[in-house]
């Protein structure tokens, strides 16, 4: 009989990745023993989002049954080697990488505190604006963002605290999904290759992910600020914009047509253009 379902599971006791397979298409549970710590695990394969990880922190990655099982075993070994290597060399390698490569500005930025909303923020509005932003800047990630969003249990409206917690959790899930790309067997063929000079596949995708996650955090934070502004602030902004617009029109007329001076000359703002616009308007108004 051929393999019906296969993949990898993560032991919650020791963090070891183990391959699994079954020949029964209807199987919904696997009973396996970790080869590293000998702990037995009973894992449900098809779990609802609300019950996922309710009892224990099991993680499961299911792969297409047409993929050779040897590649699944190889993927599990790579995950274990990567995890072990990261524990020893993470700090040292990241420091060296940042010294050799151009810096990513705003890399570690994240909102520290929740904002006080003046009105509830609808979930649909956040999703619509986020998808619009991704379509504009990073269209290749549209499906991934949509899938992660739909996998989360979200309220219909957010307040300041719930929105702040949601954005942190959402960014973590998106980051985790992006990290999983390089482990897929169908992409292992380019694992060690250079995408561009001095950038292998893992490093290149990692830096691209960091830029993308920075943009996602900024987009979500802008929505939070929009919901935290009250009516008085909006009116003040409108007054400032009206004042600036009137001043610009005055300056355009002044620089184009000039104004007569008491000595019979023309004042067109020459010598004042590098100073504050208010100063030019003040001088012309006096004339």
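Residue numbers (this note's numbering): 2 to 288. Beta carbons: idealized from backbone N, C-alpha and C, even for Gly. Just so it is clear, the structure is predicted and the values come from calculations on it, not from any experiment.
Using a 10 Å radius around the Cβ and a threshold of 16 neighbouring Cβ atoms, would you call residue i buried or exposed?
i	result
residue 21	buried
residue 110	exposed
residue 106	exposed
residue 245	exposed
residue 5	exposed
residue 225	buried
residue 234	exposed
residue 191	exposed
residue 19	buried
residue 137	exposed
residue 27	exposed
residue 94	At residue 94, the pLDDT of 47 sits below 50, so the modelled position is not reliable and the matter cannot be decided from this model.
residue 143	exposed
residue 179	buried
residue 64	buried
residue 17	buried
residue 36	exposed
residue 228	buried
Could you give the distance in angstroms between the alpha-carbon of residue i and the alpha-carbon of residue j?
i	j	result
residue 148	residue 15	29 Å
residue 79	residue 231	52 Å
residue 25	residue 156	37 Å
residue 153	residue 131	15 Å
residue 34	residue 44	11 Å
residue 168	residue 123	14 Å
residue 255	residue 238	26 Å
residue 207	residue 29	34 Å
residue 13	residue 241	57 Å
residue 23	residue 189	23 Å
residue 263	residue 221	57 Å
residue 210	residue 38	33 Å
residue 121	residue 127	11 Å
residue 134	residue 243	29 Å
residue 3	residue 219	48 Å
residue 170	residue 145	15 Å
So for residue i, helix, strand or coil by DSSP?
i	result
residue 22	strand
residue 188	helix
residue 244	helix
residue 118	coil
residue 110	coil
residue 60	strand
residue 77	helix
residue 39	coil
residue 155	coil
residue 261	strand
residue 14	coil
residue 4	coil
residue 249	helix
residue 65	coil
residue 28	coil
residue 180	helix
residue 230	coil
residue 194	coil
residue 9	strand
residue 269	coil
Confirm, please, whether the CB-CB distance from residue j to residue i is below 8 Å.
i	j	result
residue 8	residue 74	no
residue 197	residue 205	yes
residue 11	residue 31	no
residue 72	residue 186	yes
residue 253	residue 261	no
residue 42	residue 59	yes
residue 165	residue 103	no
Taking 8 Å as the cut-off, does the region 115-122 touch the region 156-172 (at least 3 CB pairs, one atom from each stretch)?
yes
Segment contact, 8 Å Cβ cut-off, at least three pairs: the region 199-214 with the region 170-178:
Taking a cut-off of 8 Å for Cβ pairs, the region 199-214 and the region 170-178 touch, as three or more such pairs fall below it.
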